[in-house]
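Read the structure below first, then the notes.
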Amino acid sequence: MSTRSIVIDTDPGIDDAMAIAVALASPELDVVALTTTFGNHHVEVTTANAVRILDVLGRPDIPVVAGAPRPLTREGHGPATSVHGQDGLGDVDLPPPSREVDTARHAASHIVDLLRSRPGEITLVPIGPLTNLALALRLDPGIAELAAGVVVMGGAVRSPGNVTPVAEANIWNDPEAADIVLGAAWPVTLLGLDVTRHLAADRTWLDSLAPIDTPGARLVADTAPVYVDFHLATEGFDGIHCHDVATIVHLLAPELLHTEPLAVRVVTGGLAAGQTVANAPGHLDPSWVDRPPVDVALGVDATEVLELVRDRLGRVPGTDDHRQ
Ligand code: RIB
Ligand code: CA
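The opening position of the sequence shown corresponds to residue 5 in the working numbering, with each subsequent residue numbered one higher.
This is the structure we're talking about:
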């Protein structure tokens with residue numbers, strides 16, 4: 005089996021933790037590094053959380069490189085503690101991080117160096133605001149030709165938003181960065197609320213994790229309650245939406261998602277800031293003509309996706325040990 009090397013750019017984040025756990029339990033993927041950003045929490049917290057997640061999953065060897073503390077140009081919106089908890093990981097007192105992260109190294113530089121050193125081999129998987137990737141493009145625009153792919157959790161193209169009526173959180177957190185990333189010449193797949201809103205892990209699914217004695221299943225089961233409380237309070241749903249893991253599932257089983265090539269631009273001002281607007285063939289406005297299409301996910305086999313997620317959470321990372 006050929007493995008696919010990926011860098012996960014993340015703002016952990018309860019659903020980020022699930023995505024990282026599934027990625028590390030999947031032998032098809034080689035997680036080369038985690039790069040961190042502000043978003044669900046301050047970058048200092050998301051960076052510590054990235055280390056805590058790797059510690060729990062038994063992979064303290066994976067590099068963590070800290071990145072953007074704030075959006076490219078605008079003021080940040082502050083931590084989403086009502087969604088992910090005061091500590092960003094469900095307030096369940098996961099052990100403190102086992103190591104300090106050298107903040108002299110920036111995620112954007114690390115991304116550039118990895119893509120330059122391994123041209124065509126690295127897939128970027130951003131599951132938070134897109135600031136680090138935009139900064140990497142600014143540092144070295146040529147990297148757009150060197151990425152094997154860019155698989156983004158973000159946006160809401162034909163679906164309502166989740167932080168405003170039209171904007172999804174990762175895009176809303178840095179619209180300018182998102183417009184740069186979605187307009188660059190690299191191969192982008194955009195997995196937004198159009199599909200992740202259907203990845204609704206309900207009480208039955210969550211309870212099915214309880215007897216699975218693996219680090220990933222325990223991590224998700226332990227951190228989920230705060231995230232469930234958010235979904236109960238906002239939607240009356242006793243469960244969680246599994247947003248970020250959609251990127252990992254797309255890498256493992258792309259047949260479970262339906263995508264269409266659409267040019268996507270991001271609204272950067274006014275009431276609709278953070279909205280992802282997709283064109284359709286025939287739109288002739290000059291600002292769309294040169295915009296590269298991205299593969300926008302518009303359909304998903306949610307049942308199969310959630311089954312695959314549970315299967316991978318039942319594996320012990322780095323082993324053939326499979327517990328269900
Ligand atoms: O809108 C969902 C996205 O925002 C996910 O990446 C979640 O972790 C938050 O960052
Ligand atoms: Ca995230």
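Glycine residues also receive a C-beta, built at the ideal position from the N, C-alpha and C atoms.
query                                                                                                       : result
Sequence-distant residues of its chain with Cβ nearer than 7 Å to residue 96 (five each side left out)      : 226, 227
Pair within 7 Å by beta-carbon distance, residue 14 and residue 132                                         : yes
Member of 264, 38, 7 whose CA lies at the smallest distance from the CA of residue 32                       : 7
Residues whose Cβ lies closer than 6 Å to any heavy atom of ligand 1, in chain order                        : 15, 17, 19, 20, 43, 44, 131, 132, 157, 166, 172, 173, 174, 247, 248
Straight-line gap, residue 63 to residue 295 (C-alpha atoms, nearest Å)                                     : 39 Å
Cβ neighbours of residue 123 in the same chain (closer than 6 Å, five flanking residues each side left out) : 150
Proximity of residue 54 and residue 40 at Cβ, strictly below 7 Å                                            : yes
Identity of the residue in 180, 160, 188 nearest residue 154 by Cα                                          : 188
For residue 7, three-class secondary structure by DSSP                                                      : coil
C-alpha gap between residue 202 and residue 306, whole angstroms                                            : 6 Å
DSSP three-state assignment for residue 235, whether helix, strand or coil                                  : helix
Alpha-carbon to alpha-carbon, residue 92 and residue 191                                                    : 31 Å
The stretch 226-243 in contact with the stretch 265-280 per 3-pair CB rule at 8 Å                           : no
Cβ pair residue 156, residue 198 closer than 7 Å                                                            : no
Touching by the beta-carbon criterion (3+ pairs, under 8 Å), the stretch 22-38 and the stretch 253-261      : yes
Complete runs of the beta strand (DSSP E) confined to the stretch 148-231 [at least 3 residues]             : 153-157, 192-195, 204-206
Opening and closing residue of the beta strand (DSSP E) in which residue 70 lies                            : 68-70
Helix, strand or coil at residue 134 according to DSSP, with G and I counted as helix                       : coil
Expected contact under 8 Å - CB spacing of residue 171 and residue 328 to nearest Å                         : Not a contact, Cβ separation roughly 38 Å.
Extent of the continuous alpha helix (DSSP H) run through residue 35                                        : Not the alpha helix (DSSP H): residue 35 falls in the beta strand (DSSP E), residues 33-40.
Supposed contact pair residue 300 and residue 194 - C-beta distance, whole angstroms, cut 8 Å               : 5 Å
Selection from 163, 129, 113, 152 that minimises the alpha carbon distance to residue 140                   : 113
As assigned by DSSP and simplified to three states, the class of residue 301                                : strand
Backbone secondary structure at residue 264 - three-state DSSP                                              : strand
Within 7 Å, strictly: CB atoms of residue 66 and residue 21                                                 : no
Contacting residues, own chain, Cβ-Cβ under 6 Å from residue 73 (five flanking each side not counted)       : 42, 47
Rounded distance between the beta-carbons of residue 98 and residue 68, thought under 8 Å                   : Contact flag wrong, Cβ pair sits at about 15 Å.
Collapsed DSSP secondary structure at residue 326 in the structure displayed                                : strand
Sub-7 Å separation of residue 205 and residue 310 beta-carbons                                              : yes
Burial state of residue 284, where buried means 16 or more other Cβ atoms lie within 10 Å                   : exposed
N- and C-terminal bounds of the alpha helix (DSSP H) containing residue 55                                  : 47-60
Buried or exposed (CB count within 10 angstroms, at least 16 for buried), residue 312                       : buried
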